[in-house]
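Report on the following structure.
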Amino acid sequence: MTQVLESDLDAFRASFPGHVITAPEGAAYNSARSLWNGCFDHYPAVIARCFGPADVAAAIAFARQQGLEISVRGGGHSFSGVSAADGSLMIDLSQLREVIVDPVARRASCGGGATGADLDAACQEHGLAVTSGTVSHTGVAGLTLGGGFGWLSRTMGLSIDNLAAAEVVLADGRCVRASEEDHPDLFWALRGGGGNFGVVTKFEYRLQPIGPEVHVALFFWSLDRSVEALRLCRDASVDLPRGASSIIAGGLSAPPAPFVPEQYHLAPGNALIVAGFSSAEQHKRLIDPIRAALPPLFEFVTPMPYTALQQMLDDSAPWGIHAYDKSLYLDDLSNEAIDVVAKHLPHKNSPMSFMPIFPMGGAYRDVEDSATAFGGSRTARFNFDIAAIAPNAELLAADRAWARALWDALRPHANESAGYVNLMSEYEEDRIRSTYGPAKYDRLARIKADYDPDNVFHLNANIKPAPTG
Ligand SMILES: Cc1cc2nc3c(=O)[nH]c(=O)nc-3n(C[C@H](O)[C@H](O)[C@H](O)COP(=O)(O)OP(=O)(O)OC[C@H]3O[C@@H](n4cnc5c(N)ncnc54)[C@H](O)[C@@H]3O)c2cc1C
């Protein structure tokens with residue numbers, strides 16, 4: 008591991024416009040290096056807390072001069088734990104959280120360390136929103152750079168489909184704007200290619216009017232009715248209008264929430280959550296047939312603020328929890344695939360593990376597959392997320408095996424992509440290539456060679472620079 012001389016560190020500390028944090032600082036250092044996924048306990052050599060692009064450029068230059076690996080922390084929520092690394096220089100963007108909304112142009116400019124909650128709150132002040140994740144403490148940076156699914160994907164597409172521009176600090180320290188007009192190749196790569204191409208200090212999104220009130224329905228069925236329930240969830244989800252969306256929560260253990268009758272607390276089952284962004288009447292028309300087709304064990308039907316919908320699942324994945332994730336895209340959800348899921352769900356061990364299935368359609372499928380670098384096909388109708396989540400390492404080990412077995416069993420029913428880069432704990436090289444497919448991967452590798460030929464940004468779902476010449 009590269010050692011940094013105290014004298015070099017002192018010189019960096021004196022000239023760096025942001026904050027330099029190192030191990031002797033104890034609590035500040037431990038808090039800055041901590042990640043959402045409690046499986047990881049990494050000790051960076053230096054943490055460079057950045058407040059703007061000039062700080063990021065200075066941190067990159069120091070790391071390169073010292074031969075330190077660079078880790079980049081946005082919201083710190085990667086399943087793989089790569090945003091901190093032992094002995095690295097960690098670029099800490101946690102303070103870059105400012106969101107500025109232009110309600111007339113319907114645009115938001117958002118710092119590279121903002122969370123979904125930061126973005127939602129600022130946009131909702133003007134009755135506007137953009138697709139972001141379903142857990143609001145997740146960082147918008149990692150989420151956007153990999154694609155970005157959320158409740159609004161059916162209405163407005165992925166986060167990247169609404170990205171108008173990005174401010175990026177490159178490996179050589181230059182700060183550039185990437186958009187359809189400026190560095191269009193880089194802009195294409197940023198929309199799905201992850202953190203491979205530079206450090207994004209600002210995202211600029213197009214917004215649409217949403218809320219402030221939205222409509223939510225959650226139906227829960229017991230696990231012994233998995234086959235019927237999952238078939239119903241599938242049928243109810245595929246034809247939803249663009250003003251609504253759903254998540255199928257396979258194998259969910261009923262939370263001990265006030266709306267859940269006490270006798271069902273922690274009971275395993277399957278849930279369908281339908282979010283409606285139009286009128287109460289339209290929502291009722293959508294959900295009444297679901298209830299009638301298979302009466303649920305319990306339900307929760309209510310209007311709520313859009314920001315509350317965005318935070319509804321926050322407690323399912325608290326900071327510091329142990330997590331392992333695998334995902335798959337299915338072009339269709341056949342009865343055979345449902346049988347596989349129904350067979351495996353009872354074998355999870357942790358009450359927190361479950362399998363969120365994101366049905367995809369509407370605006371998500373409007374976008375040409377080649378228009379962005381997104382590593383999932385636009386024809387897929389379902390994104391399966393097998394989420395092993397546990398309060399400790401022992402329970403996680405059991406559910407890691409459960410997640411792998413379920414993934415293997417579903418593989419024959421999935422399309423050729425190895426899954427969504429943002430829902431991956433392990434980045435085997437062949438899996439990254441298969442996620443993007445050869446044509447996209449090769450294009451990404453050529454762009455990587457142009458913008459980061461030395462693979463300075465490699466602590467990520469890494470795209471290797473294409474050989475030049
Ligand atoms: C509880 C939970 C819920 C989730 N729900 C969803 C969901 O609904 N929809 C969805 O699409 N995904 C979801 N995800 C996946 C999520 O998109 C990824 O975990 C994402 O990587 C998180 O981004 P982050 O900035 O918090 O992570 P980090 O760990 O900070 O970063 C992730 C990767 O991006 C790089 N990176 C971070 N910031 C920058 C930057 N500013 N510039 C360049 N590179 C950067 C990092 O180096 C790292 O490689 C969820 C994840 C969790 C843990």
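Take 8 as the starting number for the sequence shown in our numbering and just add one per residue.
Idealized CB from N, CA, C, for every residue including glycine.
Buried or exposed, going by whether 16 or more other CB atoms sit within 10 Å of the CB of residue 203?
By the neighbour-count rule (16 or more Cβ atoms within 10 Å), residue 203 is buried.
Quick one: using the 10 Å Cβ neighbour count with 16 as the cut-off for buried, is residue 291 buried or exposed?
Its Cβ having fewer than 16 others within 10 Å, residue 291 is exposed.
Exposed or buried, residue 343, counting other C-beta atoms within 10 Å across all chains shown (16 or more means buried)?
With fewer than 16 Cβ atoms within 10 Å of its Cβ, residue 343 is classed as exposed.
Looking only at its own chain, which residues have a Cβ that is under 8 Å from the Cβ of residue 23, when we skip the five neighbours before and after it?
Once the five neighbours on either side are set aside, the close Cβ partners of residue 23 are 55, 62, 65, 66 and 69.
What does the Cβ neighbour count give for residue 10, buried or exposed, with the cut at 16 atoms within 10 Å?
It counts as exposed.
So, for residue 452: in the same chain, excluding its five sequence neighbours on each side, which residues have a beta-carbon less than 7 Å away from its beta-carbon?
Same-chain partners within the cutoff: 470, 471, 472 and 473.
Smallest Cα separation from residue 217: which of 399, 349 and 137?
Checked all of 399, 349 and 137; the closest Cα to residue 217 is 137.
Helix, strand or coil: which one does DSSP assign to residue 218?
Here residue 218 sits in coil by DSSP.
Can you give the beta carbon distance from residue 103 to residue 119, rounded, assuming they're within the 8 Å contact cut?
Right, their Cβ atoms sit about 5 Å apart.
Measuring only from the beta carbon, is residue 342 closer than 8 Å to any heavy atom that is part of ligand 1?
Result no, Cβ not under 8 Å from ligand 1.
Classify residue 436: buried if its beta carbon has 16 or more other beta carbons within 10 angstroms, exposed otherwise.
The residue is exposed, with fewer than 16 neighbouring Cβ atoms inside 10 Å.
Is the CB-CB distance between residue 322 and residue 398 below 9 Å?
Cβ atoms of residue 322 and residue 398: not closer than 9 Å.
Taking just the CA atoms, how far does residue 53 sit from residue 19?
If I take the Cα positions, the gap works out to 10 Å.
Which value, in whole angstroms, describes the spacing of the CA atoms of residue 46 and residue 38?
Near 15 Å, if we compare the C-alpha coordinates of residue 38 and residue 46.
May I ask which residues mark the beginning and end of the alpha helix (DSSP H) holding residue 351?
Here the alpha helix (DSSP H) through residue 351 covers 342-351.
Measuring straight from C-alpha to C-alpha, what distance separates residue 151 and residue 209?
Approximately 11 Å, taken between the alpha carbons.
Do residue 177 and residue 113 count as a contact pair if the criterion is CB distance below 9 Å?
Taking 9 Å as the Cβ cut-off, residue 113 and residue 177 do not qualify as a contacting pair.
Across the stretch 242-250 and the stretch 92-99, are there enough close Cβ pairs to call them in contact, namely three or more that are closer than 8 Å?
Output reads no: the stretch 92-99 does not touch the stretch 242-250.
According to the neighbour-count rule (16 or more other Cβ atoms, all chains shown, within 10 Å of its Cβ), is residue 287 buried or exposed?
Under this definition residue 287 is an exposed residue.
Tell me which residues share the same chain as residue 357 and place their Cβ nearer than 8 Å to its Cβ, disregarding the 5 neighbours each side in the sequence.
These residues qualify, in order along the chain: 395, 396, 397, 398, 402, 403, 405 and 406.
Cβ of residue 84 within 8 Å of any heavy atom in ligand 1?
Checking every heavy atom of ligand 1 against the Cβ of residue 84, one is found closer than 8 Å.
Taking the C-alpha atoms as reference points, what is the distance between residue 206 and residue 329?
Rounded to the nearest angstrom, the two C-alpha atoms are 27 Å apart.
Do residue 352 and residue 389 count as a contact pair if the criterion is CB distance below 9 Å?
Not in contact: residue 389 and residue 352 (Cβ atoms no closer than 9 Å).
Quick check: the Cα distance between residue 35 and residue 41, rounded to an integer number of angstroms?
Roughly 10 Å separates the two Cα atoms.
Do residue 193 and residue 454 come within 9 Å of each other at the CB atom, strictly closer than that value?
Yes; because the gap between Cβ atoms is below 9 Å, this pair is in contact.
What does DSSP give as the partner residue(s) for residue 397 in the beta ladder?
Note: residue 397 sits in a beta bridge opposite 329.
Hey, which unbroken runs of the beta strand (DSSP E) at 3 residues or more fall wholly within the stretch 31-80?
If we require 3 residues or more, the beta strand (DSSP E) runs fully inside the stretch 31-80 come out as 53-56 and 77-80.
Per DSSP, what are the beta-bridge partners of residue 371 in this structure?
DSSP, once it has assigned bridges, lists no residue as partnering residue 371.
Can residue 500 be considered in contact with ligand 1, in the sense that its beta carbon sits closer than 8 Å to one or more heavy atoms?
Nothing about residue 500 can be reported from this structure: the residues present for the chain run from 8 to 476 only.
Where do the N-terminal and C-terminal ends of the beta strand (DSSP E) with residue 212 fall, by residue?
Per DSSP, residue 212 belongs to the beta strand (DSSP E) from 206-213.
Report the residue ranges of all alpha helix (DSSP H) runs contained in full by the stretch 399-454; include only those spanning at least 4 residues, in chain order.
The stretch 399-454 contains these whole alpha helix (DSSP H) runs: 400-417.
What distance in whole Å lies between the Cβ atoms of residue 250 and residue 285, which are believed to be in contact at a cut-off of 8 Å?
That pair is a contact at about 4 Å.
Short of 8 Å in beta carbon distance, which residues of its chain neighbour residue 336, apart from the five on each side in sequence? Order them along the chain.
Cβ within range, chain order: 383, 384, 387, 389, 390, 391, 421, 422, 424, 426 and 427.
So, are the CB atoms of residue 413 and residue 348 less than 9 Å apart?
Yes, Cβ-Cβ distance for residue 413 and residue 348 is below 9 Å.
Just confirm the distance between the C-beta atoms of residue 201 and residue 446, as a whole number of angstroms; I'd bet it's less than 8 Å.
That belief does not hold up - the Cβ atoms of residue 201 and residue 446 are roughly 17 Å apart, past 8 Å.
Give a single yes or no on whether residue 271 has its beta carbon closer than 8 Å to a heavy atom of ligand 3.
For ligand 3, the structure offers nothing, since it holds only ligand 1.
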